[in-house]
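Data block below; observations after.
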Amino acid sequence: MSMLISYDPIDQQAIGEVPITTNAQMPTLVAAAKKAQHAWAKVSLLDRQQIVVKAYEKLAKVQESLTLLISKEMGKDYRRASYEVAGTAQNAGYFCQEIAAALKPESMGHGAELQYRPLGVVAVIAPWNYPLAMANNLLLPALMAGNSVILKPSELTPLVADLFVSTLNEVLPEGVLQIAHGDSATGKALVEADINMVAFTGSLAAGKHIMASAASSLKRLVMELGGNDPMIVMATADIDKAVQFAVASSFENAGQMCTSTERVYVDARVAEEFEQKVVALASRYQVGQWDQTNVNIGPIVSHKQHQRVLSQLKDAEQKGAKFLLGNADYEVPYIQPTVVTDIRPEMQLEHDETFGPVVAISRFTHISEAIERANASPFGLGAAVFGGAGAADVAEQIEAGMVGVNQGAGGPGPWVGAKQSGFGFHGTAAGHRQFAQVRVISK
Ligand code: NAD
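Just remember that the working numbering sits 59 ahead of the position in the sequence shown, which is counted from 1.
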């Protein structure tokens, strides 16, 4: 049996291992998922809700273990890891209720009823950066809709997913939730298998591959992909507030967040003050291990990802960007808080997703220039506009799924990307219904 080993990103020591799901095992997994799904679909929505809620209640006893595994497997500091676990465990009841309400049949009049039926077997393919939350966001609505789920977690965080799934499975009927371990090869085999939907969170490159592969049998898709979020700072902005946001959002989770601020466009009239304050605040961030106190930037998850951030910093250096804090030369596994200015469109820092603790700043003289550069990206996940009157107007012109005015993207609505950041989404009734097949019965 081939094993997938999980390594600590700090010292590359093995933390644990899980068996890799081979391609030969995939049909058996899918057959079990299909069998379980037929029975699961017959359980009433209310009963499904009760079973799923009970399953999530079991997470209470493994909260500490899940938190430690998130910290150990991907380096997130303990406090943030514990928020991720608490959010998943404690909000499940609320979301189950919201999903159940969204999936209730609706009368269309004239004897017609609109129903939200299960799709069948759903593959949930997840990334490592929020290893529990990202899996859960897609897995919960998929299960509640009466589908069975095969979760393919990231190869970098298999242990978190393993404990999550085995805990839920203390309550869920056998086969309704299974796990397939491995790297992208396992993900590919799962997408090609005889399943009905792929709910994916990850990179744009993998998303494109999955869409192409899913096309042959028109598998349903929810794709939550990468981002390159812009932030615009107008001359009328509350500069201190803008600085707080720019730094916090660029450095959160060591910058390894799909909606982290990746590009800051600041009005030249306030740029100097903004940059000085960004540097002052960024300098106070502490880099280190998840179990040290006062650490707010952990390690970069892998050598490959570390290399990617460095190569973008080196590219910016070579093309004339100015480093206000930090440099382009860090040893694994850390990237120190870095502030770079004079970013230009041809630099990788401008047009690629960085996924590291970097504030990348450009100045603009006219707001149209900032809007044009903000939109000149295939990505369109989140964005933020900081300014006085007129900021909301600028926000209206940004091509993104979630735009915050004097705050970050997101909030109480769905989690949704525009352009090549998303194809389908989760959250709110519209999101929950994407995990179901609409059927109209006319009598
Ligand atoms: P990734 O695309 O490399 O991997 C994600 C998952 O897909 C992993 O489980 C991987 O094994 C699997 N995979 C990779 N290639 C595949 C393929 N061709 N077919 C099937 N499965 C495949 O991404 P990552 O490095 O794990 O995560 C970081 C990326 O995820 C970033 O781009 C980030 O912006 C994005 N992300 C997006 C959101 C969102 O809400 N939009 C949230 C979190 C992360």
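We put the beta carbon where it would ideally sit given N, CA and C, even for glycine.
According to DSSP, what are the bridge partners of E76?
I64
Are the CB atoms of V98 and P232 nearer to each other than 8 Å?
Checking the sequence shown, residue 98 turns out to be Ala, not Val. In this structure, P232 lies closer than 8 Å to A98 by Cβ.
Span separating the alpha-carbon of N196 from that of P473
11 Å
Any 3 or more C-beta pairs closer than 8 Å across the region 245-261 and the region 394-406:
no
With respect to the alpha helix (DSSP H) encompassing I110, which residues constitute its N-terminal and C-terminal limits?
L104 to E116
For I64, does the count of other Cβ atoms within 10 angstroms reach 16, so buried, or fall short, so exposed?
exposed
Run the proximity test for S124: is its beta-carbon closer than 7 Å to any non-hydrogen atom belonging to ligand 1?
no
Output the boundary residues of the alpha helix (DSSP H) element that contains P289.
Element bounds for P289: not the alpha helix (DSSP H) but the beta strand (DSSP E), D288 to V292.
Looking at ligand 3, does it come within less than 7 Å of K211, judged from the CB to the closest heavy atom?
The model on display carries ligand 1 but not ligand 3.
How many angstroms separate the CA atom of I394 from the CA atom of K381?
17 Å
Give me the Cα-Cα distance between G415 and K94, rounded to the nearest whole angstrom.
43 Å
Contacting residues, own chain, Cβ-Cβ under 8 Å from F304 (five flanking each side not counted):
M290, T320, A443, F445, Q466 and G467
What three-state label does DSSP hand W474 in the structure shown?
strand
Apply the 10 Å Cβ neighbour rule to H169 and answer buried if 16 or more other Cβ atoms are within range, or exposed otherwise.
exposed
Is V208 close to ligand 1? I mean its beta-carbon at under 7 Å from any heavy atom of the ligand.
no
Quick one: what's got a C-beta closer than 6 Å to S44's C-beta in the same chain, skipping five residues either side?
The structure shown does not extend to residue 44, since the chain is modelled only from 60 through 502, so no value can be given for it.
Supposed close pair T80, T245 - CB separation, criterion 8 Å:
5 Å
By the three-class DSSP mapping on this structure, what secondary structure does D221 have?
helix
Rounded C-beta distance between V180 and V89? I'm assuming under 8 Å.
6 Å
Just to check, is the beta-carbon of H268 closer than 7 Å to a non-hydrogen atom of ligand 1?
yes
Any idea if H365 is buried or exposed, counting beta-carbon neighbours within 10 angstroms, 16 or more meaning buried?
buried
Ligand 1 heavy atoms versus the CB of G261: any closer than 7 Å?
yes
Would you say the region 233-240 touches the region 145-160, given that touching needs at least three Cβ pairs under 8 Å?
no
Using 10 angstroms around the beta-carbon of G379, count the other beta-carbons present and answer buried if the total reaches 16, otherwise exposed.
exposed
Quick check for students: name the residue ranges of the alpha helix (DSSP H) that lie wholly in the region 304-379, counting only runs of 4 or more.
327-341 and 362-377
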